[in-house]
Amino acid sequence: MKRSVKIGLTLMILGAVLFGVGWMNHGDKSVVWNRDTRGFKTVQKVKKSFRPGDYHQIVVDAKAPVTIKVGDTNRVTVSYVDGLKDLPSVDVSKQTLTITGGQAMQHESFTVFGLSDSGTTNGGVLVTVPRGKQLDNLTVKKGSGKVSLRTLQAKQMTIQSSDEIELMDLKIARALTVKSTDGDIWADQITAKKLRINTDDGDIGVSNSHLAAVDNQLSTADGDIRLSETHLGGGRIDSSDGDIHLQQNQLSKRLKVFTNDGDIHAYIGKSAGAKVLAKDADMSDITVQGKNRRSGYWLRQSASAQYQLRTNDGDIRVANGQ
């Protein structure tokens, strides 16, 4: 007990000191320990805005984290944390808004006292664009860092990153193509004709979306995949080494699902069909609507919406989810 009291008092004193450091530097600011200078410093969020010329596409080619969202403004606003090195630059020319430069986060400092910046710039740059802007294209070039896109509209989007990708409330008239070489991909409230997602080393999550095409595709070499509460025409889901979860989706045609080494859990519509296949039938546990079944069992063969669930080494569970 005495030791806990001592630790508590020490933390209270440290907090008071850090509060003083932030306050003496003109207000309530975050205080971080910089490993390069081996000392405390204060940081503040900096905003710059400009009235852009007309632009029809956005191109991202930046190693630092980039977040793009819409706002109630007729200007483009760029926000970042003052003092960070090698931030991306934002420019509009030739009808293209371009975000370039910067470098990946080096984690050379961490927040000790104050508000975290993770909800705004993610340690990189936050670009706010006017609401209602209809883009022809949004492109994130190969090798870019972490990307977060929110509440944007475009005819087409192509995203390639070497880090995590977060997508929320996007409306795409044609195709949304996403690839990450080393990161998870999360998408929520996506409306697109077609969705193609691939990650070499990461998980995939898609939820609350509308995907009209019959040839949508989700694939990962090493990770889990979760598709939930989504309307889709059909397509393929593949994982080389991971589990696949299907929850409360509305399927129109056929969805092929395969994992080489993992389990499949599918909660399907009451009128949908499902065929279950396991390469190693003796080792796999197949359960359909609470009953044990053998490989090759086909539930509701005449249904217009069909799931084909296949694993080489894993269990399969199928149940009514709606």
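The opening position of the sequence shown corresponds to residue 75 in this note's numbering, with each subsequent residue numbered one higher. C-beta: ideal position from N, C-alpha, C; glycine also.
| task | In the DSSP assignment, find the unbroken beta strand (DSSP E) run with P204 in it and report its ends. | result | Your numbering for residue 204 matches position 130 in the sequence shown. Counted as a single uninterrupted DSSP element, the beta strand (DSSP E) harbouring P204 occupies residues V199 to P204.
| So is S163 buried or exposed if we call it buried at 16+ other beta carbons inside 10 Å? | Reading the sequence shown from its first residue, position 89 is the one you call residue 163. Here S163 is exposed. Its C-beta has fewer than 16 other C-beta atoms within 10 Å.
| query | From G127, T141, V150 and T273, pick the residue whose C-alpha is nearest to that of K168; which is it? | reply | Locating residue 168 in the sequence shown gives position 94, counting from the first residue. Checking every option, the nearest Cα to that of K168 belongs to G127.
| C-beta neighbour in chain C for K122, strict 7 Å | Considering every chain present, this structure includes no chain C. It has just one protein chain.
| What residues in its chain sit with their C-beta under 7 Å from that of V288, if we drop five residues either side in the sequence? | Counted from its first residue, the sequence shown places residue 288 at position 214. Only residues of its own chain outside the window of five on either side were considered, and among them G307, G308, G309 and K327 have a CB closer than 7 Å to the CB of V288, listed in chain order.
| said: Just to confirm before moving on: does the CB-CB distance between G31 and D317 stay below 7 Å? | reply: In the structure as shown, the chain starts at 75 and stops at 396, and residue 31 therefore has no counterpart that could be examined.
| message | Among the candidates A393, D354, D387 and N386, whose CA atom is the shortest distance from the CA of W372? | response | By 1-based counting over the sequence shown, the position of residue 372 is 298. The shortest Cα separation from W372 among A393, D354, D387 and N386 belongs to A393.
| message | Taking the straight line between their C-alpha atoms, what separation do you get for L301 and A138? | response | Position 227 of the sequence shown, counted from the first residue, corresponds to residue 301. Position 64 of the sequence shown, counted from the first residue, corresponds to residue 138. When the Cα atoms are used, L301 and A138 turn out to be separated by approximately 29 Å.
| field | Between the CA atoms of K349 and R368 - distance to the nearest angstrom | value | Here residue 368 refers to the residue found at position 294 of the sequence shown. Here residue 349 refers to the residue found at position 275 of the sequence shown. For R368 and K349, the distance between alpha carbons rounds to 11 Å.
| said: Pop quiz: E453 and K220 are said to be a contact at Cβ under 8 Å. What is the actual Cβ separation, rounded to whole angstroms? | reply: Only positions 75 to 396 of the chain appear in this structure, which leaves residue 453 out of reach.
| query | Hey, which unbroken runs of the beta strand (DSSP E) at 3 residues or more fall wholly within the region 312-352? | reply | DSSP runs (the beta strand (DSSP E)) wholly in the region 312-352: 318-321, 328-333, 338-342 and 347-352.
| Under 7 Å, do T251 and R224 count as touching if we go by C-beta distance? | The sequence position of residue 251 within the sequence shown is 177, counting from 1. The sequence position of residue 224 within the sequence shown is 150, counting from 1. Their beta carbons are not under 7 Å apart, which means T251 does not touch R224 by this criterion.
| task | In the DSSP assignment, find the beta strand (DSSP E) that holds A377 and state where it starts and stops. | result | Residue numbering aside, residue 377 sits at position 303 when the sequence shown is read from its first letter. Looking at the DSSP string, A377 is not in any beta strand (DSSP E), and its letter there is neither H nor E.
| field | DSSP three-state assignment for S123, whether helix, strand or coil | value | As a first step, residue 123 must be located in the sequence shown, where it is residue number 49. Correct three-state label for S123: strand.
| message | Just verifying my parser: in three-state terms, what is the DSSP assignment at T225? | response | Translated into positions along the sequence shown, residue 225 becomes position 151. In this structure, T225 counts as coil in the three-state DSSP scheme.
| field | Straight-line Cα distance separating I338 from D315 | value | Reading the sequence shown from its first residue, position 241 is the one you call residue 315. Reading the sequence shown from its first residue, position 264 is the one you call residue 338. Cα-Cα distance, rounded: 12 Å.
| Buried/exposed call for T304, threshold 16 Cβ in 10 Å | As a first step, residue 304 must be located in the sequence shown, where it is residue number 230. Its Cβ being crowded by 16 or more others within 10 Å, T304 is buried.
| Mind checking K268: buried by the 16 CB within 10 Å criterion, or exposed? | Walking along the sequence shown from the start, residue 268 turns up at place 194. Under this definition K268 is a buried residue.
| Who are G307's beta bridge partners in DSSP? | For the purposes of this step, residue 307 is identified with residue 233 of the sequence shown, where counting begins at 1. Beta-bridge partners of G307 (DSSP): none assigned.
| query | Which word fits L189, buried or exposed, when buried means at least 16 other C-beta atoms lie within 10 angstroms of its C-beta? | reply | Along the sequence shown, one-based indexing puts residue 189 at 115. Low confidence applies here, because L189 scores a pLDDT of 40, under 50, leaving its location unreliable; read the following figure in that light. Answer is exposed; the Cβ neighbour count stays below 16.
| message | Going by DSSP in three states, L189 sits in which element: helix, strand or coil? | response | As a first step, residue 189 must be located in the sequence shown, where it is residue number 115. At L189 the pLDDT is 40, less than 50, meaning the model places this residue with poor confidence and gives no usable figure here.
| said: For a test of the three-state rule: what should DSSP assign to S183, helix, strand or coil? | reply: Position 109 of the sequence shown, counted from the start, is the residue given in the question as residue 183. Because the pLDDT of S183 is 41, which lies under 50, any placement of that residue in the model is unreliable, and the number read from its coordinates should be weighed accordingly. In the structure shown, S183 falls within a strand segment according to DSSP collapsed to helix, strand and coil.
| Is DSSP giving T361 helix, strand or coil here? | For the purposes of this step, residue 361 is identified with residue 287 of the sequence shown, where counting begins at 1. Three-state DSSP puts T361 in a strand.
| query | Tell me which same chain residues have a C-beta within less than 6 Å of the C-beta of K122, skipping the five on either side of it? | reply | The residue given as residue 122 occupies position 48 in the sequence shown. Here the set comprises V152.
| Could you give the distance in angstroms between the alpha-carbon of Q236 and the alpha-carbon of N211? | Taking the sequence shown and counting its residues from 1, one reaches residue 236 at position 162. Taking the sequence shown and counting its residues from 1, one reaches residue 211 at position 137. Note on identity: in this sequence residue 236 is Ser, with Gln being the wrong assignment. Answer to the nearest angstrom: the Cα atoms are 20 Å apart.
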